[in-house]
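Okay, structure first, notes after.
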Amino acid sequence: MYASRLFVAYTESKILFALLLSIPTFLEQSKEVPMQETDVERNLKEIESIDSASHAVSRGIHNAVLGGGEPARKVADALHGTWLGHPLHPALTDFVVGAFAFGSLFNLASGELNGKLARKLIQAGAIMAVPTALAGVTDFSTVPRRAMNTAAVHGSLNSVALVLYLLSLRNGNGRPSGMSKLFSTLGFGAMFVSAWLGGKMTYHYRVGVDKSERPEGPTEWTRVLSDAELTENRPRRIEVEGTAVVLYKRGSRIYAMAAVCAHEGGPLEEGTFLEKGADGVCVECPWHQSVFAMEDGHVVHGPSTYELAAYETRVQDGQIQIRLIERKPVVEQDSRQLVGELVTE
Ligand code: FES
């Protein structure tokens with residue numbers, strides 16, 4: 005009974021919160037000024053002290069990860085979400101936002117049960133805030149400059165919200181007091197603005213969005229370059245059916261992979277080529293050091309959480325030929341299968 009009430013209330017609060025979050029977006033869209041920066045964003049960009057401090061912190065964390073070698077990179081990969089094929093931070097925020105928002109609403113309602121529910125939810129939100137913040141900080145270490153200030157303010161507001169919610173718990177002492185209600189409401193306000201900035205980072209600055217090209221071909225062997233024109237250990241960027249491809253020769257083996265990094269579009273032909281154990285020949289992006297396996301484009305190290313298109317290669321009559329390795333993401337396969345089943349029903 006308690007659990008079902010909790011679940012229903014949790015669901016309702018998430019719907020309510022989603023509606024609240026949509027208000028600024030709706031207001032902005034109603035102005036019919038697409039992709040225009042708001043005054044808040046412009047001001048954030050222009051505050052130099054935030055900019056230099058954010059940049060120093062971001063680079064410091066990134067350098068610490070790179071300096072920590074393979075173990076540190078594995079931890080960073082886990083927090084970026086390379087294992088998930090999707091950034092981890094936005095997925096975790098759902099739990100925190102839902103629990104805190106719901107906790108705030110119940111904290112304002114009267115009654116002992118509501119008070120207990122509020123307390124449990126705020127506690128759950130505070131616990132989940134820890135891995136969420138760690139994932140966010142890891143993403144911040146490689147966030148592009150254009151979104152750095154917004155990301156810094158987003159993270160700071162989240163910290164303020166967490167402190168306010170902890171103060172709310174401390175002042176509740178088992179029952180929601182006036183101060184507890186005040187702190188949780190202020191916490192909700194800080195979280196609301198922060199969530200709006202988080203949405204801006206994704207939808208406006210396109211942080212965490214897959215920047216790679218997704219070619220559909222060539223599916224047949226296609227001649228791309230004379231073998232004599234590709235020197236060993238000297239990568240070369242070519243265009244195939246409108247997609248940038250990096251060719252790389254090591255020994256007698258030729259590799260071909262999409263040349264645009266999925267993280268922020270870095271030019272992979274300018275990256276560092278290296279051998280990495282079972283992953284074979286890899287390329288490290290020159291911008292934020294994502295590592296991709298040349299064999300099939302899989303992510304060896306983040307920050308990219310998206311794999312790249314890769315090609316089979318062969319040499320015939322002195323000409324390098326390539327053919328796209330067809331590989332459907334699992335989700336796409338599942339959704340296509342589902343759509344197919346619905347259509348045939
Ligand atoms: S552009 Fe960021 S890792 Fe390649």
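The numbering used here numbers the first residue of the sequence shown as 5 and each following residue consecutively.
All residues carry an ideal CB built from backbone N, CA and C; glycine is no exception.
Is the beta carbon of residue j closer than 7 Å to that of residue i?
i: Thr-317; j: Ala-260; result: yes
i: Val-285; j: Met-298; result: yes
i: Arg-227; j: Gln-323; result: yes
i: Pro-148; j: Glu-268; result: yes
i: Leu-109; j: Gly-221; result: no
i: Ser-163; j: Asn-175; result: no
i: Leu-312; j: Ser-172; result: no
Among the options, whose alpha-carbon lies nearest the alpha-carbon of residue i?
i: Ser-181; options: Lys-280, Gly-119, Leu-328; result: Gly-119
i: Arg-238; options: Pro-290, Arg-227, Leu-251; result: Leu-251
i: Val-211; options: Ala-130, Thr-146, Ile-54, Leu-96; result: Thr-146
i: Phe-196; options: Ala-105, Asn-175, Ile-258; result: Ala-105
i: Tyr-169; options: Glu-273, His-93, His-59, Gly-107; result: Gly-107
i: Ala-282; options: Arg-150, Thr-206, Glu-274, Val-304; result: Val-304
i: Ala-95; options: Thr-223, Tyr-209, Gly-203; result: Gly-203
i: Asp-231; options: Ser-56, His-208, Asp-214, Gly-255; result: Gly-255
i: Leu-70; options: Glu-288, Tyr-315, His-302, Gln-325; result: Glu-288
i: His-208; options: Gln-325, Lys-124, Thr-154, Phe-187; result: Thr-154
i: Thr-97; options: Ala-122, Ile-131, Asn-111, Ala-80; result: Ile-131
i: Val-167; options: Ala-156, Gly-191, Pro-290, Arg-179; result: Gly-191
i: Gln-325; options: Leu-125, Ala-156, Ala-266, Val-244; result: Val-244
i: Phe-99; options: Pro-271, Gly-115, Ile-126; result: Ile-126
i: Asp-214; options: Glu-279, Gly-306, Ser-114, Ser-58; result: Gly-306
i: Asp-300; options: Pro-271, Gly-275, Trp-291, Ile-258; result: Ile-258
From what residue to what residue does the alpha helix (DSSP H) around residue i run?
i: Val-227; result: Residue 227 is actually Arg in this sequence, not Val. Per DSSP, Arg-227 belongs to no alpha helix (DSSP H); it is in the beta strand (DSSP E), 226-230.
i: Ile-141; result: The amino acid at residue 141 is misidentified as Ile; the sequence shows Val. Start and end: 116-144.
i: Glu-77; result: The sequence given here has Arg at residue 77, not Glu. It spans 73-84 - the alpha helix (DSSP H) in which Arg-77 sits, taken as one unbroken run.
i: Thr-189; result: 182-207
Need the endpoints of the beta strand (DSSP E) that residue i sits in, please.
i: Arg-241; result: 240-244
i: Lys-253; result: 247-254
i: Glu-316; result: 314-320
i: Met-261; result: 257-262
i: Ala-266; result: Element bounds for Ala-266: n/a, residue is neither H nor E.
i: Thr-276; result: 276-279
i: Val-1; result: The chain is shown from 5 up to 349; residue 1 falls before or after that span and cannot be answered.
Identify, in the order they occur along the chain, each residue of the same chain with its Cβ nearer than 7 Å to the Cβ of residue i, setting aside the five sequence neighbours on each side.
i: Ile-242; result: Val-228, Leu-229, Val-249, Leu-251
i: Leu-92; result: Leu-83, His-84, Gly-85, Ala-139
i: Arg-331; result: none
i: His-90; result: Thr-309
Give every residue of the same chain whose Cβ lies closer than 6 Å to the Cβ of residue i, excluding the five residues on either side of it in the sequence, and list them in chain order.
i: Glu-273; result: Pro-239, Arg-241, Val-250, Ala-263
i: Lys-253; result: Leu-234, Glu-236
i: Asp-143; result: His-93
I'd like to confirm the pairing. Which residues does DSSP put opposite residue i in its beta bridges?
i: Cys-289; result: Cys-289 pairs with nothing; no bridge assigned.
i: Ala-105; result: Its beta-bridge partners do not exist; DSSP assigns none.
i: Ile-326; result: Thr-226, Thr-317
i: Ala-297; result: Cys-286
i: His-305; result: Val-295
Considering only residues of the same chain and omitting the five flanking positions on each side of residue i, which have a CB-CB separation below 8 Å?
i: Thr-223; result: Arg-327, Leu-328, Glu-330
i: Ile-54; result: Leu-48, Asn-153, Ala-156, Val-157
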